[in-house]
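The working numbering applies: residue 9 is where the sequence shown begins, and numbers increase by one. C-beta: ideal position from N, C-alpha, C; glycine also. Keep in mind it's a predicted model, so treat the numbers as computed, not measured.
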Amino acid sequence: MIAQRLRFALIGTALFTALTAHAQVEVEANAGLLAAKISEEIVPGDYEKLLQGLRANPGKHTRKIVLLDSIGGSAPEAIRMGRLLRETGFEALVPSGGLCQGSCVYLLAAGSKRTVNGHVALRRPPFPAGDSALAQAAHGSQPFSPARYFRDMGVDISLAEAIYQVAPGRLHLLSQDDLRRYRLK
């Protein structure tokens, strides 16, 4: 019963937020910690925002953490961002009260260490190649391969198949067992 209520709340939040969302990518350094926060909808151009934020905070940092509270969005953009996060050594955190759904899971997978205190939900992309033709044009000829990406990140590649098993327009909330099985935690 609680899981069903949570599922309805997640779906309602996703639908409401999708109508009003604007991408939020913030990077801030403080006392040896480099923190990036990615919230709202992931859209083409967010990779550049993340890269710009990282370049604006050069130097050695004792710890790098990305905070995730995103409804997802462009899967190819999330994969590009994820590769950048992995290359620069970020841990990934879904904070308590946070939600990482849809393509946000690619950012979670990128973490050198993954901590989930909030919720993670799978959602099938609305387009078979992960994005609309317009958004795909922004990514050039970069191939869209979730399974290869998950393998590169050390995540169970069956997660790629699970994403496409979710009914269109629906969310699948991952349990703690699911998170462990997919190596997202």
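Bounds of the beta strand (DSSP E) holding residue 79 are 71-81. For residue 167, the CB contacts under 6 Å within the same chain, skipping 5 residues up- and downstream, are 158, 190 in chain order.
Restricting attention to beta strand (DSSP E) runs no shorter than 3 residues, the stretch 90-130 encloses them at 99-102, 107-109, 122-124, 127-130, ordered along the chain. At the C-beta level, residue 99 and residue 54 stay beyond 7 Å of one another. In the DSSP annotation of this structure, residue 41 is not part of any alpha helix (DSSP H); the continuous beta strand (DSSP E) holding it starts and ends at 41-50. A distance of 7 Å or more separates the beta carbons of residue 129 and residue 161.
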